[in-house]
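Asker: What follows is a structure written as structure tokens; I'll ask about it next.
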Amino acid sequence: MKKFGIDWNDNNLLLALIVICTVLAISFYHGKNRYQKYLRKYYKKKVDKVLVDDFQDVLKSGDEDNLDMAHYLKNNISLQGRLWYDKKDKDKTYRVKPMIKTHLHIEMIHKLKVELWIKAISRLEAEYQHRIKSEILCVDDKMFHRMKKKIQNILFLDLVQDNVFSPTENYFELFNILQDAYKMVFLNMGLNYHVDKSIEISGSNNFQKIIQRMEDLKLEHNVAFRTTFDSSEREIRNVGKANMAICEAMEADLYTCFEYLKHLNS
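For what it's worth, our numbering labels the leading residue of the sequence shown as 435, then goes sequentially.
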């Protein structure tokens, strides 16, 4: 069959057209990717230098000898809050995943969270090693490694991986492990010295408040538990926001824990 003077039954011509279309599609795809990478680099340079410098300072402070963990956690959490605020201002949205202008914001938040959790869990492990283990039956050496691995996987899904979030229940599974370490700290297990009654009461109250807060968070974000990957895009985005709210509450609890330890050891 001929149309416009072209024999469209010619297999060679059809093959050539397919090849041309494929090449054009691939060129467009790679061109789009290169343009997006250029924009990311461009907007990374536009991020407030004060935020970037403070980010470097917080990371550097975490490597200091005799690190004041409570002070470090306070600074880390505060900087995360400033980065979220600036991200929201740039994106004009409350979404968790970065848009083209805010990739560096999320990269820094992810790094801060990973550093916060790894250092805090390592310090809890060190605390356990210096106590009388036979009196702390709720804790074992392997649980600290499990917590580190779990939180890194969760944060990767929530902040780095495109178009996916960690199931909300993962945070509560992490908390179920973490609360045994809290029990050791706040109930003063395995200590080789006497603790004043007022400190005992303070520790017990802190522990109960943390447990209750997690129960409240379960109720507040119960919709996130029922959200599946077949849900709407908006519902899935809401899982991300719920996850970050829970994560931030857990980070605040870590700060409370190390403030208590600081007071206990003073």
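Just so it is clear, CB atoms sit at the ideal spot from N, CA and C, and this is done for glycine as well.
According to the neighbour-count rule (16 or more other Cβ atoms, all chains shown, within 10 Å of its Cβ), is residue 481 buried or exposed?
Answerer: Buried, because 16 or more other Cβ atoms sit within 10 Å of the Cβ of residue 481.
Asker: According to DSSP, is residue 659 part of a helix, a strand, or is it coil?
Answerer: Helix, per DSSP.
Asker: Considering only residues of the same chain and omitting the five flanking positions on each side of residue 566, which have a CB-CB separation below 7 Å?
Answerer: 624, 626, listed in sequence order.
Asker: Could you tell me which of 659, 591, 496 sits nearest to residue 600, measuring between CA atoms?
Answerer: Selected option, being the one with the closest Cα: 591.
Asker: So for residue 626, helix, strand or coil by DSSP?
Answerer: Coil, per DSSP.
Asker: Taking the alpha carbon of residue 689 as the point to measure from, which residue in 505, 541, 610 has its own alpha carbon closest?
Answerer: Looking at the Cα atoms, 505 is the closest of the given residues.
Asker: What are the boundary residues of the alpha helix (DSSP H) that residue 541 is part of?
Answerer: Its alpha helix (DSSP H) spans residues 537 to 563.
Asker: When the Cβ atoms of the segment 643 to 653 are set against those of the segment 573 to 587, are three or more pairs found closer than 8 Å?
Answerer: Short answer: they don't touch.
Asker: Sorted by chain position, which residues of the same chain lie with C-beta nearer than 7 Å to residue 589's C-beta, five sequence neighbours on each side aside?
Answerer: Counting only Cβ-Cβ distances below 7 Å, and skipping sequence neighbours, we find 544, 547, 548.
Asker: Since residue 618 and residue 557 should fall inside the 8 Å C-beta cutoff, what is the C-beta to C-beta distance between them, to a whole number of angstroms?
Answerer: Wrong, their Cβ atoms sit about 13 Å apart, outside the cutoff.
Asker: Please work out which residues of its chain come closer than 6 Å, Cβ to Cβ, to residue 454, disregarding the five sequence neighbours upstream and downstream, and give them in chain order.
Answerer: Around residue 454: no qualifying Cβ.
Asker: Would you mind stating whether residue 605 and residue 656 have Cβ atoms separated by less than 8 Å?
Answerer: The answer is no: Cβ separation not under 8 Å.
Asker: In chain order, what residues of the same chain have a beta carbon less than 6 Å from the beta carbon of residue 629, not counting five sequence neighbours either side?
Answerer: Excluding residues within five positions, the ones whose Cβ falls inside 6 Å are 622.
Asker: How many Å lie between residue 695 and residue 524 at the Cα?
Answerer: Residue 695 and residue 524: Cα-Cα distance of roughly 38 Å.
Asker: Would you kindly work out how many angstroms separate the C-alpha atoms of residue 668 and residue 540, rounded to a whole number?
Answerer: Roughly 20 Å between the two C-alpha positions.
Asker: Return yes when the Cβ of residue 611 is within less than 8 Å of the Cβ of residue 582, no when it is not.
Answerer: Taking 8 Å as the Cβ cut-off, residue 582 and residue 611 do not qualify as a contacting pair.
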